[in-house]
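Enquirer: Next up is a structure, given as structure tokens.
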Amino acid sequence: MKKIFERIVEGFLFLSSTVTTITVLLIILFLFREGTGLFGKSPTEEGFTVAVNKNNPVSELNAEQVKNIFDANIENWKQVGGKNDSILVFRMDDIFKFYTEEELAGVDTNMTLLASKIDEVIQKNPNIIAFISSKNLPANPSSKIITIAKINLSDFFRGEEWFPTSQPVAEFGIYPLIMGTLWVSFLAILIALPFGLAMAIYMAEIAAPGVRNILKPLIELLSGIPSVVYGFFGLIVIVPLLQKTFDLPVGETGLAGSIVLAIMALPTIITVAEDSIRNTPVSVKEASLALGASHWQTIWRIMIPYASSGITAAVILGIGRAIGETMAVLMVTGNAAVIPHTILQPMRTIPATIAAELGESAKGGMHYQALFALGCILFIITLVVNLTVEMISKKRKQNR
Amino acid sequence: MIEAKNLNLYYGAFHALKDINLKVAEKSVTALIGPSGCGKSTFLRTFNRMNDLIPGVKIEGDIIVDDENIYQKGIDVDRLRKRVGMVFQKPNPFAKSIFENVAYGMRVNGISNEKVIKEAVEQSLKQSALWDEVKDSLKKSAYALSGGQQQRLCIARALAVEPTILLMDEPASALDPISTAKIEELIHELKKKYTILIVTHNMQQAARVSDFTAFFYMGSLIEYDLTKTIFTNPAKQQTQNYVTGRFG
Amino acid sequence: MIEAKNLNLYYGAFHALKDINLKVAEKSVTALIGPSGCGKSTFLRTFNRMNDLIPGVKIEGDIIVDDENIYQKGIDVDRLRKRVGMVFQKPNPFAKSIFENVAYGMRVNGISNEKVIKEAVEQSLKQSALWDEVKDSLKKSAYALSGGQQQRLCIARALAVEPTILLMDEPASALDPISTAKIEELIHELKKKYTILIVTHNMQQAARVSDFTAFFYMGSLIEYDLTKTIFTNPAKQQTQNYVTGRFG
Amino acid sequence: MTHLEEELKELKQQVTKMFVLVHSQLEKSYLSLQNLDKDIAHEILMTEKRVNALELKIDLDCENYLALYNPVAVDLRYVLAVLKINSNLERIGDIAEGIARFVIDSSTTFSNELIMHTHTNQMFDVSLKMIQDAEDAFINEDTSLARIVFKQDVILDNININANNNIINFIKNNPDDLEQCLHILSTIRKLERVGDQAKNIAEEIIFYIEAKVIKHSRKL
Amino acid sequence: MTHLEEELKELKQQVTKMFVLVHSQLEKSYLSLQNLDKDIAHEILMTEKRVNALELKIDLDCENYLALYNPVAVDLRYVLAVLKINSNLERIGDIAEGIARFVIDSSTTFSNELIMHTHTNQMFDVSLKMIQDAEDAFINEDTSLARIVFKQDVILDNININANNNIINFIKNNPDDLEQCLHILSTIRKLERVGDQAKNIAEEIIFYIEAKVIKHSRKL
Amino acid sequence: MNHSIIKKITQAIAFNIFRIMSVILVAILFSILAFIVYRGASYITWDFITKMPEEGMTKGGIFPAIVGTLSLVAGSMIVAFPLGVCSGIYINEYAPENGFKRFIKLMTNNLAGVPSIVFGLFGMSLFVNTLKFGDSIIAGSLTLGLLALPVIIRVTEEALKSIDKTYREASYALGATKLQTIVKVVLPMSMPNILTGLILSIGRVSGETAPILFTVAAYFLPKLPTSIFDQVMALPYHLYVLSTSGTNMEESRGMAYGTALVLIIIVLILNLIANIIRHFLMKKIKHK
Ligand SMILES: Nc1ncnc2c1ncn2[C@@H]1O[C@H](COP(=O)(O)OP(=O)(O)OP(=O)(O)O)[C@@H](O)[C@H]1O
Ligand SMILES: Nc1ncnc2c1ncn2[C@@H]1O[C@H](COP(=O)(O)OP(=O)(O)OP(=O)(O)O)[C@@H](O)[C@H]1O
Ligand SMILES: [Mg+2]
Ligand SMILES: [Mg+2]
Ligand SMILES: O=P([O-])([O-])[O-]
């Protein structure tokens with residue numbers, strides 16, 4: 069009886085313990101299902117196609133070329149491997165340039181008529197490129213459908229443009245987002261680390277116990293404050309300050325993000341580093357002092373090496389956190405999806421992108437999927453960071 | 060010459076050492092014994108001012124080491140500690156190689172000539188009877204050694220800075236009997252060159268290793284005499300009760 | 060009657076106990092001595108199957124407790140452990156009141172009559188010579204006691220479930236000499252009612268408290284005899300070397 | 105009382121028993137000598153085995169005590185003292201036995217006159233008294249009583265020193281009692297040893313209680 | 105060699121010294137008796153002080169060793185054996201002194217004939233040999249040599265048993281030598297004790313090496 | 122120059138650098154707190170806490186956001202606490218020492234490191250869309266619960282691990298079963314640590330924005346929820362909205378300060394409770 073009850077409880081506990089595993093698997097399932105849906109799709113909006121005159125030798129274009137053509141950055145077919153001829157861009161609305169309202173009367177009721185008219189236009193203009201609804205394309209040989217290169221991983225990572233909602237083709241190049249994320253995160257750690265370590269050493273070894281007893285809870289309190297509050301503070305104080313100091317057009321810059329992130333990371337770094345330093349056994353510290361080493365030599369040559377693996381793990385975890393941090397960054401970096409050249413310009417990070425755009429993207433659409441793909445990247449980064457930390461701490465255990 | 064004169068020590072309001080007067084004989088082993096909390100460790104740590112690290116400690120009276128009152132103003136504590144080596148209860152090597160553990164004391168004291176360091180390391184390891192066991196693995200982590208070896212490494216580390224006095228706070232209490240016997244043997248060798256003070260909970264150990272024994276009780280030095288005398292014919296009833304196990 | 064018959068124990072591939080045969084005398088104290096890692100603790104823990112908790116342990120041979128092979132199939136391990144009390148190296152009272160610590164064993168074994176429990180608690184505390192010191196503070200946390208008192212509380216806790224055998228794994232090694240003396244005194248009292256097995260690193264302690272002594276070395280039982288004999292005239296040279304400190 | 109103290113008490117009881125036994129042996133040897141009572145003499149020989157056994161037992165107990173409890177200070181001195189007291193008592197036992205053997209060997213009764221003349225009777229009385237005092241000093245840890253033992257030894261020494269002359273005188277008057285005289289001389293020599301041994305015992309008692317070694321030294 | 109073993113070795117050297125000293129004392133007492141050499145006798149008395157001092161020293165060393173190193177097993181038996189060997193040697197020293205005193209007290213030389221007749225010379229030889237053997241047995245931890253010591257004691261015992269008769273015979277023939285005779289008788293009695301003491305020493309050697317108690321038992 | 126003087130000078134320089142850096146840092150960190158407290162203090166009134174927002178969130182209070190956050194915290198803890206503690210117990214007490222245990226621990230660690238926005242994505246995808254909870258308290262609570270889960274598991278595990286194995290053995294040795302041992306001995310001893318962890322994770326949950334962005338949070342909803350399938354406002358999201366996308370950002374600034382301060386106060390109170398538990402309960406449990 070007792071035994072059976074124990075077994076049941078154990079089974080129940082076992083089930084609980086599998087919840088995290090299941091959650092991770094579900095995260096992988098849902099994120100990657102949506103995220104990978106993006107790849108292999110044509111970047112044009114569903115139900116639309118790009119067509120040219122059937123005599124046009126060009127039959128394939130990639131997303132960037134299409135975008136440049138429609139943005140009038142490319143104006144001659146020669147530039148995309150065609151004849152030397154200027155490009156005539158045709159969008160649905162442009163039909164009115166070719167036909168009067170009367171000629172198109174009844175368009176709304178008679179789709180075939182509109183289609184034939186469009187076809188006519190395409191037929192008439194050998195240099196035309198048309199972005200039209202697939203429904204408006206009659207099955208006739210006068211127009212040629214351009215094959216647009218499908219979205220692939222390389223374009224995704226190396227693409228320098230992030231225009232998830234542009235027409236006729238959306239662009240999903242996340243390179244600027246990655247760069248933005250890295251710039252902001254690494255600068256944040258660069259700022260936080262020296263200050264954090266200095267403060268940790270100060271608190272652990274130099275400060276009088278009274279001072280430490282005041283500082284310690286203060287730091288703990290700061291580490292618990294929500295990121296929106298830091299973001300809010302950044303927005304209200306740091307952003308205007310930077311704008312004024314560097315005489316910038318906007319204060320929302322990568323630097324602002326880094327500073328806010330650094331402030332957020334500091335309490336964690338201080339706490340972990342201080343704990344690691346204080347975990348050096350008193351007798352080891354005393355042994356060094358007893359050999360005539362000064363207090364500073366003891367800290368520098370004995371206690372910090374002793375704590376180093378703990379500190380390293382903390383720093384790596386800190387980077388992971390910074391990369392994943394969303395709200396504070398979203399609020400202060402300005403969110404421009406461009407490849408950064410200077411830290412003093414607006415930037416956009418991966419998590420901020422998701423947070424800012426998910427609300428506006430249509431569920432199941434390409435944009436939506438692209439955001440999930442970003443989520444996948446974040447997830448993978450996290451995984452790598454965690455495995456690294458795991459390895460470091462395992463090594464540390466071996467050495468003790 | 061080491062001597063405590065009218066030494067009083069307070070942890071805040073707690074009077075931990077009461078008017079201690081004791082002259083330690085040179086090149087001999089002096090054991091400090093007494094029940095838990097009687098102040099043995101506290102007393103030991105006054106000789107290298109290790110108590111300075113504890114907040115709220117107040118010390119009155121003199122400790123004379125080599126004709127110098129180490130509690131007077133202007134004493135260079137780091138230099139003092141170089142002269143007074145210390146070995147702790149649990150083996151506590153640094154997270155460095157065996158070699159670097161022993162070399163550490165010299166490096167922090169400004170010796171940078173590698174040849175000198177190398178010789179001193181070998182010398183110290185030989186003195187602590189560890190050389191033969193580690194001479195082929197000096198580059199290995201000190202943590203790879205057994206507990207008893209680690210403790211001898213800690214002794215070598217203390218010897219490398221050429222102290223004249225060695226303080227040992229229960230140096231064998233964390234070790235098994237065989238390692239303990241080795242450490243005791245080592246202490247017996249070392250007293251030819253060093254003045255050794257050792258705190259031990261193990262009365263038999265005090266009897267075996269020391270030439271003189273000081274019995275502490277409740278912060279006072281009750282009796283201080285030849286170890287032989289303490290264990291065959293102590294002058295004070297309290298001491299007799301303690302060594303014969305009739306205490307408390 | 061307790062007996063080990065052709066006992067072999069493996070930790071994975073490591074052969075930790077080698078063909079041990081030993082009959083423990085009832086109502087007496089048997090000490091297990093030997094160098095670190097020789098298997099004393101492992102052997103002790105076979106008697107209440109505490110080794111079952113360690114993954115990868117394989118046991119061959121028989122352990123007979125009260126005419127029953129405790130390693131045979133169908134043995135109720137919880138019941139066995141009730142008959143075999145255990146005391147550990149460090150005092151480890153539960154985070155409960157003094158009373159509840161002693162009552163714990165009864166409660167988990169289904170006794171709920173408060174009067175019975177109360178009497179048994181008093182009885183056990185008296186047996187472990189702690190009653191007079193704690194009778195007015197039974198409701199206080201066990202952590203308010205000193206180390207030595209805590210250890211006696213742990214002994215009382217073990218006695219409360221009315222075992223016939225007491226296993227003690229270095230029960231005094233974390234205590235100061237005065238507390239140690241009290242525990243030894245207690246062991247001497249307890250052997251009138253219980254069969255006691257005690258592991259100790261302290262040879263003098265083994266000599267003082269035990270009637271029989273078993274000397275282990277590298278997983279083998281080298282010699283088992285009256286303690287008097289082991290310490291005045293052991294049969295094996297290895298034993299003699301160990302007890303006279305000429306080992307290793 | 106602790107376990108350790110119990111062991112010491114137990115040891116003390118054994119030693120006391122040894123005192124009593126040896127005292128009675130010597131007393132009996134006196135009796136048998138006076139009356140040439142060979143029965144008592146044989147009884148002494150039988151009892152001597154018990155004395156020997158008890159000596160071995162006490163020795164073994166001391167060895168065990170040293171091995172198991174490693175006593176120090178007063179406890180160690182006590183055990184060492186017991187070891188020596190024990191062996192001295194055994195030697196007194198031997199002497200009683202030796203006297204009994206003279207009685208058995210002797211073909212004639214010992215003349216009362218000879219015994220009086222050589223003060224052998226007085227020697228018996230003094231040595232018995234010394235043993236008794238040593239016993240009391242031991243039981244009560246009374247060093248002043250132990251010191252009284254020394255004083256009495258002077259009497260024995262004097263008798264012993266004069267023994268040769270006394271015997272010679274006696275032989276001259278009673279040349280036939282030569283054998284008797286030689287036996288009495290041996291007995292006197294033996295009783296002198298008893299005095300020494302009682303003195304040794306007293307020394308050991310003082311040693312263990314006061315930690316003073318007074319053996320071979322005049323200061324008390 | 106460990107510290108502990110060094111201490112034991114040191115102790116052994118002391119005891120060996122004691123052996124040598126006591127052996128030489130007895131040898132000298134033989135010499136002084138043979139030649140009625142009162143100078144040697146006085147020398148013996150002087151040296152006896154050194155014997156006593158050495159006895160105290162060894163006793164103290166043993167006490168210290170027990171207090172400081174709490175030996176067990178063979179080490180403990182060794183120290184206990186040393187304690188007893190030491191006291192037996194001292195008693196032999198005492199005997200040598202006693203004989204020297206007879207020499208000093210004696211008004212006449214001891215007649216060679218008496219010495220031969222009572223086998224006193226043989227007793228001296230045997231007891232000196234026994235001491236020597238015991239010493240060698242102790243130094244070399246040789247129990248078979250120790251056992252040889254027992255055998256020799258039989259010779260002394262026989263001489264001792266016949267001593268009374270021998271003396272009586274001798275007195276009957278030389279009634280003037282009475283004083284001498286009594287001295288020789290006392291000497292014989294003393295030498296018999298030397299034999300016993302050498303035997304005790306041999307017993308202790310066997311005890312510490314083999315852990316066998318053979319005192320008071322016939323089995324060797 | 123004498124080496125011991127060099128030693129002293131080096132030490133003095135190093136220590137003073139650290140002192141100065143620490144003073145700067147503390148000044149900065151403290152000024153953040155001070156700034157928000159100073160600006161926000163005047164807005165914290167009874168009305169602010171108990172009233173609905175009014176006039177495009179430029180007036181009135183934040184009552185619905187407070188209620189929303191409380192319900193989310195409660196909901197998430199109902200999910201995460203029992204699951205987390207049970208899971209921690211299983212991992213530390215029951216799981217056999219093999220690959221399986223390492224795998225579970227690895228997964229837990231990974232989950233702990235997953236950024237909160239990814240939880241938001243996941244929560245939206247699973248609870249809002251697939252399970253069709255819509256934007257609702259239950260979707261938000263579950264998302265937040267999963268976020269807190271690894272933290273609680275880890276805290277529980279650490280708390281259990283810190284208890285010496287001899288306590289368990291002592292209990293077994295008295296004939297207790299495994300479950301009795303865990304429930305009566307191990308858990309009571311580790312409870313203060315578990316509770317402290319729980320409270321700190323409440324702090325974390327109540328301040329999270331990203332996970333509720335797409336699973337529950339409402340931009341403006343001046344009424345209280347009536348069921349777990351309702352949307353709610355939440356404090357952190359409210360602050361975000363007020364400070365970045367309010368219609369009337371300048372005028373709602375005061376509300377933002379107030380909201381920020383409320384968030385800080387919540388954290389402060391939770392920290393206080395955690396410290397009290399640590400202090401008083403631990404004292405009972407801790408060995409001297
Ligand atoms: N840092 C401290 N603050 C306050 N009191 C202290 C401190 N260190 C020690 N004491 C007290 O001073 C007394 C002496 O302590 P000390 O450590 O010297 O004892 P000890 O004789 O070495 O004991 P043990 O044998 O247990 O090591 C004790 O009562 C202890 O409680
Ligand atoms: N859980 C384990 N897994 C593998 N090997 C073990 C385990 N426990 C003990 N051993 C090994 O078994 C041997 C005997 O261990 P045991 O703890 O019984 O020794 P011991 O004699 O009690 O030593 P000590 O005096 O140090 O307590 C040792 O070599 C040890 O390394
Ligand atoms: Mg101490
Ligand atoms: Mg003499
Ligand atoms: O035994 P004795 O030394 O007195 O002969």
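Protein chains in written order, with my numbering: chain A, 69 to 468; chain B, 60 to 307; chain C, 60 to 307; chain D, 105 to 324; chain E, 105 to 324; chain F, 122 to 409.
Each residue gets a CB set at the ideal place from its N, CA and C atoms; glycine is no exception.
Because the structure is a prediction, the values reported are computed rather than measured.
Mapping DSSP to helix, strand and coil, what is residue 174 (chain F)?
Expert: Strand at residue 174 (chain F).
Enquirer: So which residues on chain C does residue 107 (chain D) lean against when the C-beta distance must stay under 7 Å?
Expert: Going along chain C in sequence order, the residues near residue 107 (chain D) (Cβ under 7 Å) are 244, 247.
Enquirer: Compare the C-beta of residue 262 (chain C) with all C-beta atoms of chain B and state if any pair is closer than 8 Å.
Expert: Closer than 8 Å: yes.
Enquirer: Around ligand 1, which residues pass a check of Cβ closer than 5 Å to any of its heavy atoms?
Expert: Those satisfying the condition are, in chain order, B:70, B:75, B:95, B:96, B:97, B:98, B:99, B:100, B:101, B:113.
Enquirer: Given a cut-off of 8 Å, decide if residue 155 (chain D) and residue 197 (chain D) are closer than it, judged by their beta-carbon atoms.
Expert: Result yes, Cβ atoms of residue 197 (chain D) and residue 155 (chain D) sit closer than 8 Å.
Enquirer: Let me make sure I understand the geometry here. Which of E:200, E:179, E:109 has the alpha-carbon closest to that of residue 126 (chain E)?
Expert: The residue with the shortest Cα to Cα distance from residue 126 (chain E) is E:200.
Enquirer: Taking 7 Å as the cut-off, does the CB of residue 73 (chain C) come closer than this to any heavy atom belonging to ligand 2?
Expert: Checking every heavy atom of ligand 2 against the Cβ of residue 73 (chain C), one is found closer than 7 Å.
Enquirer: Enumerate in chain order the residues of its own chain whose CB-to-CB distance from residue 111 (chain A) is below 6 Å, with the five nearest sequence positions on each side excluded.
Expert: Closer than 6 Å at Cβ, skipping near neighbours: 131, 219, 237, 238.
Enquirer: Taking Cβ-Cβ distances shorter than 9 Å, what residues in chain B pair up with residue 180 (chain D)?
Expert: By Cβ distance, chain B contributes 290, 291, 303.
Enquirer: Over the uninterrupted alpha helix (DSSP H) stretch that includes residue 298 (chain C), give me the two end residues.
Expert: Here the alpha helix (DSSP H) through residue 298 (chain C) covers 296 to 302.
Enquirer: Return the chain-ordered ranges of every alpha helix (DSSP H) run that is complete within the stretch 201 to 268 of chain E and spans a minimum of 4 residues.
Expert: Qualifying alpha helix (DSSP H) stretches, in chain order: 216 to 221, 224 to 244.
Enquirer: For chain E, check one thing: does any of its Cβ atoms lie closer than 8 Å to the Cβ of residue 299 (chain C)?
Expert: So, interface residue.
Enquirer: Identify the continuous beta strand (DSSP E) that holds residue 227 (chain B) and give its terminal residues.
Expert: Start and end: 224 to 228.
Enquirer: Considering only the beta carbon of each residue, do residue 325 (chain E) and residue 192 (chain E) sit closer than 8 Å?
Expert: Because chain E here runs from 105 to 324, residue 325 (chain E) falls outside it and cannot be looked at.
Enquirer: Distance check for residue 209 (chain E) and residue 224 (chain E), CA to CA, integer angstroms please.
Expert: If you take the alpha carbons of residue 224 (chain E) and residue 209 (chain E), they lie about 18 Å apart.
Enquirer: From residue 456 (chain A) to residue 246 (chain A), what distance separates their C-alpha atoms?
Expert: Using only the alpha carbons, I get a separation of about 20 Å.
Enquirer: Using a Cβ cut-off of 8 Å, pull out every chain A residue sitting near residue 219 (chain F), in sequence order please.
Expert: Ordered by position in chain A, no residue passes the 8 Å Cβ test against residue 219 (chain F), which lies about 14 Å from the chain.
Enquirer: Quick check: the stretch 119 to 132 of chain B against the stretch 62 to 81 of chain B, are at least 3 beta-carbon pairs closer than 8 Å?
Expert: Because the criterion of three Cβ pairs below 8 Å is met, the stretch 62 to 81 of chain B and the stretch 119 to 132 of chain B touch.
Enquirer: DSSP three-state call for residue 74 (chain B): helix, strand or coil?
Expert: Residue 74 (chain B): strand per DSSP, three-state reduction.
Enquirer: How long is the line joining the alpha carbons of residue 216 (chain B) and residue 196 (chain B), rounded to whole angstroms?
Expert: Answer to the nearest angstrom: the Cα atoms are 16 Å apart.
Enquirer: Please return the same chain residues whose Cβ sits closer than 6 Å to the Cβ of residue 324 (chain F), not counting the five positions on each side in sequence.
Expert: Closer than 6 Å at Cβ, skipping near neighbours: 388, 391.
Enquirer: How about residue 258 (chain C): is its Cβ closer than 7 Å to a heavy atom in ligand 2?
Expert: Correct: residue 258 (chain C) has its Cβ closer than 7 Å to ligand 2.
Enquirer: Could you give the uninterrupted runs of the alpha helix (DSSP H) lying entirely in the stretch 242 to 293 of chain B, keeping only those of 4 residues or more?
Expert: For the stretch 242 to 293 of chain B, whole alpha helix (DSSP H) runs of length 4 or above, ordered along the chain, are 262 to 268, 286 to 291.
Enquirer: Is there a C-beta anywhere in chain C that falls below 8 Å from the one on residue 167 (chain D)?
Expert: It does: the Cβ of residue 167 (chain D) has a partner Cβ on chain C nearer than 8 Å.
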